[in-house]
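Heads up: the structure comes next, in C-alpha cells.
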Amino acid sequence: MRRAYFKNNWVAALVVAPQLLIIFVFFYWPTGQALYWAFTLEQPFGGGSEWVGFENFQYLLSDGRYWDSVWISTVYALATTVLAMGMAMILALFADRQLRGYQSFRIGLIWPYAVAAPAIGLAFRFIFNPSAGVASYLNYAFPDVWNPVMNGNHALTMVIIAGAWKQVSYSFIFFLAGLQSIPRSLTEASAIDGARVMRRMWDIQLPLLTPTVFFLVIINITDSFTDSFGIVSTMTAGGPARATNLMVYKIYEDGFRGLDYSGAAAQSIILMFLVIALTFFQFKYVERRVHYT
Amino acid sequence: MKLPVLSTSVLAFAALTGAAMASGEKIKFDYWYGLSGQLGEAVAGTCDRFNASQDQYEISCVGQDGYANAVQNTIAAFRAKQHPTVVQAYDAGTADLMMSGEFYPVSKMMADFNIDIDWNDYFPGIANYYASSTGELFSMPFNSSTPVMYFNTAELKAAGLDTPPATWEEFEAALVALKASGKDCAYGYAPDSWIDLEQFSMAHGVPIATNNNGYDGLDSEYVYNTTLHVKHMENIKRWYDDGLLEIRTSQGGLNARDSFAQGECSFYLGSIASHATVGKLVDGAFEWDVAMIPVFEGTERKNTVVGGASLWVLSGKSDDEYRGAAEYLKFLATVESEEWWSANTGYIPVTKSGFDALNAKGFYDNPPYKGREVAIQSLTYTEPGPLTRGIRLGGFIQARSEWVNEVQAALQGTKTMQEALDTSVARSNDVLDKFARTYRGKQLP
C-alpha cells in the first residue's frame, strides 16, 4: 500500500508557521533569555550585567528557604492531583452509570473549567474566610479552630482545596470520555456473570481507564506546578510565614517584586527542568503499567 | 455625474480634520502612577487639571494599580524603549532607580529648562530621602506621608483615658484599660515593616543598617536585630499572646484600617495618607483623631521620614517630552496644586510655603482635615540627622518581605522574636550583598 503524503510543502509550512512562531516567541525566546540571565547578575534597568557562572544556582540549591518552597510545591502537586482525580473519577463513574439527573450534572460539572484561577482563588477566599465565610461557622462552634491567616497548615489546606476544585472538571471530562469508550459488552457480560457495581468498576473499568489516568496524572502534576500561581496570589500571597510559597509564586515574588531578576531566572530554569524530569520519569516508569487496548 | 454623497462627505471630513490636526498639535508625554483606588483617582485628577490649565502639553496618565507593578512595568517598558517620561516610584524602589542611572535628575532638569524652583522650600525630611549625597534632588517629592496613630476618642474616654498615649508604656496601659472596659479588639495590627521597623527606628534615632542606613556606601549591613526594635517586637508578640492586639488583614476579613474605621478596633497605626479614606469610611459614626506614633519612655524623639512615592523622570526621551514633564512638575509644585492634593487625599504638602499657606487659611482647623498637621509635626520634629535622613538600601523590597515573613513566623510561635529577627537580618544581608555585586564598580550617587 502506498503511503499517502502531502505534496505541497509550502502550504504545509505556511499552516504550521503561526504555531511555530507563537512557540518561539512565547517559549523559546523567553527561555533562552532566562537561561542567559540565570548565569549572570542582571541589573533591572539593563545597565549592565556580570557573568557569575553557576553561582545563582549554587545559592538557590544551598538555600533552605528554596528547598522549603520545593517541598511545599511537591506536597501541593501530589495533594491536588490525588484529590482532583479521585473526585473526578467518582463523579465520572456515576455519570457513566446514568443515574437520575445525570445530564444536568454532566453539563454543570464541565463549567468550572471555564473559571480562571484568580476567580477561583477569590471565591474560595471568601468561603474559607475565618471571620465572615462559610468556614466562620466552624469558628463559632469551636473558637479559633480554623485560621488560615496565621496558621500555615490551614493556609496550605485551603490552597490545595481550591487548586483541586479547579482541576476536577478537566479530569472529569476525560474520565467520562474514557469510560464511554469502554465497550458496553464488557460490563454487561460481567453483570451477567454476577459482578456487582463496585467490582465492575474496580476490575473492568479502572484497568481500561489507565491510559486516561496516565495522561491526566501528567497534565495535573504539570498544571499544579505552573497554573497554581493565580490561586496563591489571590488567596494567601505566599502564605503566613511562607507556608504557601509555591515555586512559581516565589519566582514572581523574587523577580517582579524584589527586582532580583537573576535569582528568579535561575529559579524558573530549575522549575522547568523539574517539570521535564517529572514528565520523563512518568513516561519511563509509570507508562509500563498502562494497559493500552 | 452624481457624486456619491457618503464618500465625498467622508473625504471632506478627513481633509478638514487633517488640516486641523496639523495646526495646533499638543506635545504628548506619558506618566505612569502606582496609586490605586480613591488615591489613584486623585492622581488622575491632577493630570486632568494640568491638561486643562494649558494647551501646549498633554499628559497621559495611566494607573498601574500598585507601586510594585508601576516599577516592574516601567522596567519592562524601559527594556523595550517604550517607557513613560514620568513614573511614580515608591520609597523602596529608590535605590534600584538611583543605581540604574537611567533618570534625569529633576534639579538638573528644572535648571536646564530655566524653571525656577526653590529647592530649599521642601521639607528637609522629605527632600533628603530623594537627594544625592551632595544634596541634589533626583526625583520630585509628590505624595509624602508619614505614619500616625489613629485612635477612637470615645472608646479611650470610656476606658478612662483623656489623652492619647505618648509612650509605648502608656500605649500598653491603654490597651489593658480598653480590654478591661470590655473592648474585644483594642489594637488592630498587621505586621508592617514601614511602621514597626523603619519609622520606629527613625523616631527613636536607632539605625536600621550600618553606613547611616546605606547612605554612605553599598557595603551596608542590617543591624535592627540588635537595637530597641527587638524590644518593640517582643512587646508586640506579648500583646498578641495576651490578646491585647488582634491581627487584622484583608485575607482574614477586614484589614487594620477598615477594622478601625468600622469601629471594631480602637487603635490603628497607619499612614496619614489614609486620613481622607478613614474619614469617608467613618462618616461621623464616632469621634476619632490622630496623634504621633508613641516612643519608649525616656527617648528623645526624632523626626520620622516619608513613605509614599516621588516622581522620577526617565532618560531616553525627547526634549519636548522633557519640557512637558518639567511643566507638569512645576504645576504640581504650585501652592494651589498642593492645596488641591492635600484636600483630596490625606497626603501632606511637601513644601514649607504650601504648608504655611494652608495653615493661614485655617485648612487644618476643622474636620475633615483637622489632625493632618500631626503628620507634619512628626516629620519636622527635629532636623534630619545622619540616621533619620531615610533609607538607601538595595533590594529593600525583598528585605521588607523577609521581615514580614519572619515576624509572622514568630507570631505563630514557631520561633522566638529574636530568632526571627536574626534570620531576617542574615537573609537581608545576603540580598544587600547581591545588590552590591550586581552594581559592582558603581557608586551610590
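Protein sequences appear in the order of chains C and B. Letter by letter, the first sequence follows residues 1 to 293 of my numbering. Letter by letter, the second sequence follows residues 1001 to 1445 of my numbering. Ideal Cβ placement from N, Cα and C applies to all residues, glycine included.
As DSSP reads the structure, Gly-1063/B sits in a beta bridge with Tyr-1033/B. Contact fails between the stretch 1149–1162 of chain B and the stretch 1226–1239 of chain B, because fewer than three Cβ pairs, one in each stretch, are under 8 Å apart. Under the DSSP definition of a beta bridge, Trp-1168/B lacks any partner. Within the DSSP bridge table, the entry for Pro-1141/B names Ser-1310/B as partners. Between the stretch 1266–1275 of chain B and the stretch 1366–1385 of chain B there are three or more C-beta pairs closer than 8 Å, enough to call the two in contact. Note on geometry: alpha-carbon atoms of Ala-79/C and Asn-220/C lie some 11 Å from one another.
Interface annotation, Ala-1409/B: in contact with chain C, CB-CB separation under 8 Å. A distance of 8 Å or more separates the beta carbons of Phe-1103/B and Tyr-1057/B. Residue burial annotation: Ala-1089/B is buried, with at least 16 other C-beta atoms found within 10 angstroms of its C-beta. For Val-1290/B, the beta-bridge partners assigned by DSSP are Tyr-1150/B.
The three-state reading of DSSP puts Ser-62/C in coil, since its state is none of H, G, I, E or B. Measuring C-alpha to C-alpha distances from Val-290/C to each of Leu-156/C, Glu-50/C, Leu-91/C, Val-213/C identifies Val-213/C as the nearest. Nearest to Ala-1209/B by alpha-carbon distance, out of Ile-1247/B, Cys-1061/B, Tyr-1224/B, Thr-1163/B, is Tyr-1224/B. Comparing alpha-carbon positions, the option among Gly-1284/B, Val-1335/B, Glu-1155/B, Gly-1135/B lying closest to Ala-1360/B turns out to be Val-1335/B. Comparing alpha-carbon positions, the option among Trp-51/C, Met-201/C, Leu-91/C lying closest to Trp-165/C turns out to be Leu-91/C.
Shown here, Leu-1393/B sits in coil according to DSSP, grouped into three states, outside any helix or strand. In chain order, Gly-1252, Gly-1253, Leu-1254 make up the part of chain B whose C-beta sits under 9 Å from the C-beta of Ser-131/C. Proximity of Ser-1310/B to chain C, defined by a Cβ-Cβ separation below 8 Å, is not satisfied. Residues of the same chain with a CB within less than 6 Å of the CB of Ser-169/C, apart from the 5 flanking positions on each side, are Leu-109, Ile-110, Pro-112, Tyr-113 in chain order. With a threshold of 8 Å between beta carbons, Phe-1260/B makes no contact with chain C. A residue is called buried once 16 or more other Cβ atoms fall within 10 Å of its Cβ, and Met-1098/B is buried on that count. Using a 10 angstroms sphere on the CB of Gln-19/C, the tally of other CB atoms stays under 16, which defines it as exposed. Contact between the stretch 1294–1314 of chain B and the stretch 1373–1383 of chain B is present: 3 or more CB-CB pairs across the two stretches fall below 8 Å. Contacts with chain B at 8 Å (Cβ-Cβ) include Val-149/C.
Per the C-alpha coordinates, the member of Thr-244/C, Phe-57/C, Ser-49/C, Ser-268/C positioned closest to His-154/C is Thr-244/C. Per DSSP, the unbroken beta strand (DSSP E) holding Gly-1188/B starts and ends at 1185–1189. The DSSP assignment places complete alpha helix (DSSP H) segments of no fewer than 4 residues inside the stretch 202–264 of chain C at 206–226, 229–235, 247–252, in order along the chain.
Here Ala-1276/B is not near Tyr-1268/B, since their CB atoms are 8 Å or more apart. Looking only at Ser-1133/B, Arg-1248/B, Ser-1250/B, the smallest Cα-Cα distance to Pro-1386/B is reached by Ser-1133/B. In the structure shown, the three-state DSSP call for Gly-1125/B is helix. Assignment of Tyr-1057/B by DSSP, reduced to helix, strand and coil, places it in the strand class. Contact check for Pro-1141/B against Tyr-1122/B passes: the beta carbons are separated by less than 8 Å. Counting only runs that start and end inside the stretch 34–84 of chain C, the alpha helix (DSSP H) elements of at least 4 residues fall at 55–61.
Between the alpha carbons of Thr-1074/B and His-1083/B lies a gap of roughly 6 Å.
The continuous alpha helix (DSSP H) containing Leu-21/C extends over residues 9–23. The Cβ of Tyr-1439/B sits closer than 8 Å to at least one Cβ of chain C.
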